[in-house]
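Take the sequence shown: its letters are residues 4 to 452, numbered as in full-length UniProt numbering. Working notes, structure below.
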Amino acid sequence: TETDTWTGQRVKEADREYVIHSWSVQGALDPVPVAGGSGSWFWDHDGNRYLDFQSQLVNLNLGHQHPKLVEAIRDQAARLCYIGPGFAERSRAELAETLAALTPGDLKMSFFTTGGAAANENAIRLARHVTGRHKVIARYRSYHGATNGAMSLTGDPRRWASEPGGMPGVVRMFDPYTYRCPAGHPDPCPVCSGGPHLEEILRYENPDTVAAVIVEPVTGTNGLIYPPDGYLRSLREVCDRYGILLIFDEVMAGFGRTGAWFACNHWDVTPDILVTAKGLNSGYVPLGAMTVSARISEWLRDHMFWGGLTYAGHPLACASGVASLRIMQEENIVENARLRGERLGAGLARLAESHPSVGEIRGRGLFHGVELVTDRETREPLVPFNAKGAAAAPVGRVLKAAMARGLYLTANFNVLRLTPPLVIEDSEIDLALDVLDDVLDLADEHYAG
Ligand code: PLP
4 TETDTWTGQR VKEADREYVI HSWSVQGALD PVPVAGGSGS WFWDHDGNRY
54 LDFQSQLVNL NLGHQHPKLV EAIRDQAARL CYIGPGFAER SRAELAETLA
104 ALTPGDLKMS FFTTGGAAAN ENAIRLARHV TGRHKVIARY RSYHGATNGA
154 MSLTGDPRRW ASEPGGMPGV VRMFDPYTYR CPAGHPDPCP VCSGGPHLEE
204 ILRYENPDTV AAVIVEPVTG TNGLIYPPDG YLRSLREVCD RYGILLIFDE
254 VMAGFGRTGA WFACNHWDVT PDILVTAKGL NSGYVPLGAM TVSARISEWL
304 RDHMFWGGLT YAGHPLACAS GVASLRIMQE ENIVENARLR GERLGAGLAR
354 LAESHPSVGE IRGRGLFHGV ELVTDRETRE PLVPFNAKGA AAAPVGRVLK
404 AAMARGLYLT ANFNVLRLTP PLVIEDSEID LALDVLDDVL DLADEHYAG
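Have a look at this one:
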């Protein structure tokens with residue numbers, strides 16, 4: 004038999020020589036060569052195991068290598084790997100029908116893409132066609148994807164490099180970041196409560212030119228920000244008053260992540276267009292979706308849909324989506340996320356008692372953020388916004404120490420992101436809390452309060 008010469012070392016050498024990694028200076032990288040994964044764990048070629056408290060890119064909701072999901076992909080591969088988007092196909096039709104049933108309100112028809120960015124691009128273009136207007140209001144603390152339009156909607160600093168030539172018509176509004184109100188107001192304030200802030204912006208922008216407002220109902224990448232109660236409803240009301248479409252980007256927060264099927268379920272607010280990806284099929288095959296209201300579905304019956312992709316509704320991706328949603332129902336995944344999330348939240352609250360650097364804990368389900376500060380009174384962040392290099396080191400050391408102890412974590416500047424797979428078990432939550440208890444000592448060293 005042929006021996007496999009691809010040792011961990013060989014993988015890493017070829018990777019460093021030939022692979023361009025996302026959002027990185029290539030020479031600064033030292034990627035772990037991963038050999039495999041199972042459930043909430045992955046391991047390298049030397050057998051070191053890591054508890055994946057990040058679910059990779061917060062997409063691996065069912066964990067690594069869920070056997071039924073792997074089997075569904077294998078079955079579809081044996082049946083039909085690919086058929087063009089112009090044909091009706093079983094997995095594509097079944098996934099769309101299932102989404103119509105699971106998504107809130109009257110959301111009905113879906114367009115399937117290869118990921119979140121492409122779904123957002125299509126949502127914006129469709130909103131412009133449906134309304135005949137061109138402006139889109141998006142927020143600063145947001146990430147909507149890396150294609151031109153999605154990057155223009157994105158507020159986080161990764162947008163800056165793409166600004167020349169970006170999509171015109173994006174207007175920015177502030178975020179409901181009550182812990183650090185962008186206008187410096189105490190809580191509750193007119194910015195963080197949404198509606199009044201949006202309406203003020205509309206007054207100056209001319210509401211008749213605004214096609215859509217796009218928000219992540221719970222902000223993911225940019226700091227795990229939960230809106231105050233009433234926020235989403237007030238956006239809904241203002242949008243309705245001016246004939247503006249409301250788009251929820253639930254690429255990260257959707258499909259059980261927050262302990263509900265969709266984050267917007269917590270506040271019982273339905274968008275006109277729901278954008279999803281990631282947890283839709285746990286990322287086993289690239290997939291995103293744009294699901295539109297009954298009214299827009301009707302509109303599409305006699306108007307052109309100006310969008311298409313070679314891989315729109317790819318059968319392998321759709322089959323994995325169908326299987327993923329079925330597994331979520333059969334294995335009570337949403338309930339598991341809710342219950343394990345309560346354990347995680349309670350454990351984090353205990354850590355806050357002995358670690359002064361914990362400024363705020365935000366979370367529901369398995370979508371938690373820990374805001375690290377050097378002073379609880381002033382809320383001075385442990386590292387500043389957009390910190391890089393030495394300025395980011397105080398958080399970098401925490402993450403590195405966790406990895407050395409077998410816990411894979413990431414952060415958005417000073418906010419630790421705790422987003423494990425939704426199949427995680429209590430013992431694994433407890434293990435992560437033990438490691439956090441140790442490594443937060445490194446953050447406490449900087450405490451000045
Ligand atoms: N929208 C949100 C809220 C996201 O978190 C992401 C990815 O992290 C995207 C959109 C972009 O998705 P993709 O990377 O699949 O294009």
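Backbone N, C-alpha and C define an ideal beta-carbon position, used for all residues, glycine too.
Return yes when at least one heavy atom of the ligand PLP lies under 7 Å from the C-beta of residue i, else no.
i, result
"Val218", "no"
"His147", "yes"
"Ala120", "yes"
"Asn64", "no"
"Ala280", "yes"
"Met255", "yes"
"Leu60", "yes"
"Asp441", "no"
"Gly291", "yes"
"Asn123", "yes"
"Asp159", "no"
"Asp55", "no"
"Thr224", "yes"
"Asp178", "no"
"Asp275", "no"
"Asp252", "yes"
List the endpoints of the continuous beta strand (DSSP E) containing residue i.
i, result
"Ala215", "Val213 to Val218"
"Trp9", "No beta strand (DSSP E) holds Trp9; DSSP gives it neither H nor E."
"Ala404", "Segment Gly392 to Ala407 is the alpha helix (DSSP H) holding Ala404; no beta strand (DSSP E) there."
"Glu374", "Phe370 to Asp378"
"Ser113", "Met112 to Thr116"
Could you check whether residue j and residue i sit closer than 8 Å to each other, using their CB atoms as the reference points?
i, j, result
"Arg260", "Asn64", "yes"
"Leu201", "Met170", "no"
"Leu319", "Gln29", "no"
"Arg353", "Gly452", "no"
"Phe251", "Leu290", "no"
"Glu74", "Ser145", "no"
"Asp178", "Tyr143", "yes"
"His449", "Pro397", "yes"
"Ser296", "Leu110", "yes"
"Leu54", "Tyr411", "yes"
"Val288", "Ile76", "yes"
List the endpoints of the continuous alpha helix (DSSP H) containing residue i.
i, result
"Leu319", "Pro318 to Glu333"
"Glu338", "Ile336 to Ser357"
"Tyr143", "Element bounds for Tyr143: n/a, residue is neither H nor E."
"Ala38", "From DSSP, Ala38 is part of no alpha helix (DSSP H) but of the beta strand (DSSP E) over Val37 to Ser41."
"Val442", "Asp429 to Asp447"
"Met154", "Asn151 to Leu156"
"Ser94", "Arg93 to Leu105"
Quick check: what's the CA-CA separation for residue i versus residue j?
i, j, result
"His269", "Lys391", "35 Å"
"Pro107", "Ala81", "34 Å"
"Gly89", "Ala263", "34 Å"
"Asp47", "Pro34", "10 Å"
"Thr101", "Gly152", "28 Å"
"Leu248", "His358", "44 Å"
"Leu105", "Arg93", "18 Å"
"Val241", "Gly198", "6 Å"
"Asp7", "Ala38", "13 Å"
For residue i, count neighbouring Cβ atoms within 10 angstroms of its own Cβ and tell me buried if that reaches 16, exposed if not.
i, result
"Arg13", "exposed"
"Tyr207", "exposed"
"Arg343", "buried"
"Ile427", "buried"
"Ala141", "buried"
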